[in-house]
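A.B. asks: The following block contains the structure, expressed as structure tokens.
Chains as they are written, first to last, in our numbering: chain A, 1 to 154; chain B, 1 to 266.
This is the structure in structure tokens:
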């Protein structure tokens, strides 16, 4: 069986025929070649696959692509401006060394942006709680928290 | 995952018809449990009927008599609802602690209740508040709904459409999170309803259950001390790598005390 899938990704309309069992993460990475979204655990725990669908952070390794039919999707590649200017959250992660290997980072950044939309002035406890769905093996989270705090104040 | 036929249902009637016409079809709500299971091939339905396009299944209605939540309403919506925070704050609190923000943006109350995971949070609220599960065929009261581990009173092809919660006088929920999965190792929902005290426990047994002794003790004296005076037996409680049955019995007391303190602190 094949489904005609259409959605807007990073501002551009995309369309493709997919098998219903295609995961959204595989559609994004393999069909659209947007490989900034990562597969970390493949079991919806680590959050490396976090993207925005219709303005909300979701784990796209745990969704079928067809569940995003007609939706507006933003991936990590969709954050910076056309001239390369980073999104304030990306800049904060750079400035506060909120990454080492970078594997969790796209998911962390997407999650943190969603966090600030819902809690514009979070305290440290809130930041740590709201990033509960994103795991990092390198940093110990300390600089990630500082990056989010800095982005909140920007 | 294995291949399947996909149908996006236009209505509950359409979904019911599609299920009936399939060999081994299942409904897709938020997919936060089902997709994960299908990826591991623990579940392999012949057909998937997507409820995501049925607008009438989403929504929150708060009336003096009760709160009705559409089956496809996400945990995030319940957690953020000012109406639920006003009417049944413990329900909004419970929803806000399910999984993580991304899971809450997709996971639904209907999916959680129909799945009846032994460590899921919503069954504790449904049983604790004496809610009614409304389906495509009938209404089922909470006390009759949760039957066994991952099993409910739902018949094949029967779809939850909404859940109606009577507004309690007061209620609280306290959960001891498994440090890794953040599911409830033990979660206790305490409510003072129009028909008396209800105490519902999740995470501790194969299925959510009430503790009559705790309900009686709290009925006499609504205080954390009343909880301490009841010995919760470890019989029939889960024992696994996360906790022994004895520890779960102990946690039931602790979480019940915390839920009562939470209620009294408001």
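For every residue, glycine included, the Cβ atom is placed at its ideal position computed from N, Cα and C. None of these values were measured; they are calculated from a predicted model.
Name the chain B residues whose beta carbon is nearer than 7 Å to that of residue 125 of chain A?
C.D. replies: Residues of chain B passing the Cβ test: none, with the nearest at roughly 14 Å.
A.B. asks: Taking Cβ positions only, does residue 129 of chain A come closer than 7 Å to chain B?
C.D. replies: By this cut-off, residue 129 of chain A is not an interface position.
A.B. asks: Report the neighbours of residue 36 of chain B on chain A: residues whose CB is nearer than 8 Å to its CB, in chain order.
C.D. replies: 43, 44, 62
A.B. asks: Measure the alpha-carbon distance for residue 135 of chain A versus residue 266 of chain B and round it to whole angstroms.
C.D. replies: 34 Å
A.B. asks: Three-state secondary structure (DSSP) at residue 14 of chain B?
C.D. replies: helix
A.B. asks: Measure the Cβ-Cβ separation of residue 201 of chain B and residue 252 of chain B and say whether it is below 7 Å.
C.D. replies: For residue 201 of chain B and residue 252 of chain B, yes; Cβs fall inside 7 Å.
A.B. asks: On the three-state DSSP scale, how would you describe residue 148 of chain B?
C.D. replies: strand
A.B. asks: Can you check whether the CB of residue 31 of chain B is closer than 7 Å to the CB of residue 215 of chain A?
C.D. replies: Summary: the structure shown does not reach residue 215 of chain A, with chain A confined to residues 1 through 154, and so no result is reported for it.
A.B. asks: Do you know how far the Cα of residue 140 of chain B is from the Cα of residue 165 of chain B?
C.D. replies: 12 Å
A.B. asks: Please work out which residues of its chain come closer than 6 Å, Cβ to Cβ, to residue 115 of chain A, disregarding the five sequence neighbours upstream and downstream, and give them in chain order.
C.D. replies: 130
A.B. asks: Nearest-angstrom Cα distance between residue 234 of chain B and residue 245 of chain B?
C.D. replies: Straight-line Cα distance between these residues: approximately 5 Å.
A.B. asks: Can you pull the chain A residues whose beta carbon is under 9 Å from the beta carbon of residue 31 of chain B, in chain order?
C.D. replies: 62, 63, 64, 67
A.B. asks: Do you know how far the Cα of residue 7 of chain A is from the Cα of residue 113 of chain B?
C.D. replies: 31 Å
A.B. asks: Provide the residue span of the alpha helix (DSSP H) that contains residue 109 of chain A, from first to last.
C.D. replies: 105 to 118
A.B. asks: Suppose contacts are defined by Cβ-Cβ distances below 7 Å. Is residue 109 of chain B in contact with residue 152 of chain B by that definition?
C.D. replies: No, these two residues do not count as a Cβ contact at 7 Å.
A.B. asks: Which first and last residues belong to the beta strand (DSSP E) in which residue 59 of chain A is found?
C.D. replies: 56 to 59
A.B. asks: Cα separation between residue 127 of chain B and residue 88 of chain A?
C.D. replies: If you draw a straight line from the Cα of residue 127 of chain B to the Cα of residue 88 of chain A, it is about 45 Å long.
A.B. asks: So, is residue 42 of chain B buried or exposed, given that buried needs 16 or more other C-beta atoms within 10 angstroms?
C.D. replies: exposed
A.B. asks: So residue 274 of chain B contacts chain A; which residues on that side make the cut at Cβ distance below 8 Å?
C.D. replies: Because chain B spans 1 through 266 in this model, residue 274 of chain B falls outside it and cannot be assessed.
A.B. asks: So does the stretch 22 to 40 of chain A actually touch the stretch 72 to 91 of chain B, counting three or more Cβ pairs closer than 8 Å?
C.D. replies: no
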